[in-house]
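*Asks:* To start, I am sharing the structure in question, which I have written as structure tokens.
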Amino acid sequence: MKNWPVEQVEAEKRRGAILKHLKEAPGGQLSLEYLKIGCTAQGIPSNIDQVKNAVVWLQENDLARLETLGSMELAVLMPDGKEVVQGVRMVRGVLDPDGGL
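In my numbering, the protein residues as written are 2 to 102.
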């Protein structure tokens with residue numbers, strides 16, 4: 002079994018948690034602050050920079066996109082990200098915070 006650094010596992014779980022939260026959100030979008038609270042509530046230590054970095058990573062992989070609405074930054078779920086949450090596709094670098102994906 003591979004020995005992964007804790008930070009890497011947390012980052013991959015954070016990405017999975019963000020996708021799940023976006024899938025459950027009305028319109029598939031949430032503020033980064035709300036995502037930070039959601040990740041922390043799931044036991045994934047997160048600050049706003051870590052959440053933003055995760056969303057940028059998801060954007061680079063066409064799973065979510067980062068938008069600005071006034072002074073608020075939002076993450077928006079993309080179709081490929083929805084497929085990851087539904088289990089239709091797997092993406093290296095995204096782990097289910099609950100043990101799946």
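Positions of the beta carbon are idealized from the N, C-alpha and C atoms, including for glycine.
Roughly how many angstroms lie between the CA atoms of G28 and L20, to the nearest whole one?
*Replies:* When rounded, the distance between both Cα atoms is 13 angstroms.
*Asks:* Can you check whether the CB of Q30 is closer than 8 angstroms to the CB of A76?
*Replies:* Yes, the Cβ-Cβ distance between A76 and Q30 is below 8 angstroms.
*Asks:* So, with DSSP's three-state summary, where would you put L64?
*Replies:* Coil.
*Asks:* Report yes if the C-beta distance between G17 and L96 is below 8 angstroms; otherwise report no.
*Replies:* Yes, the pair counts as a contact, with Cβ atoms nearer than the cut-off.
*Asks:* State the beta-bridge partners of L31 as determined by DSSP.
*Replies:* Note: L31 sits in a beta bridge opposite A76.
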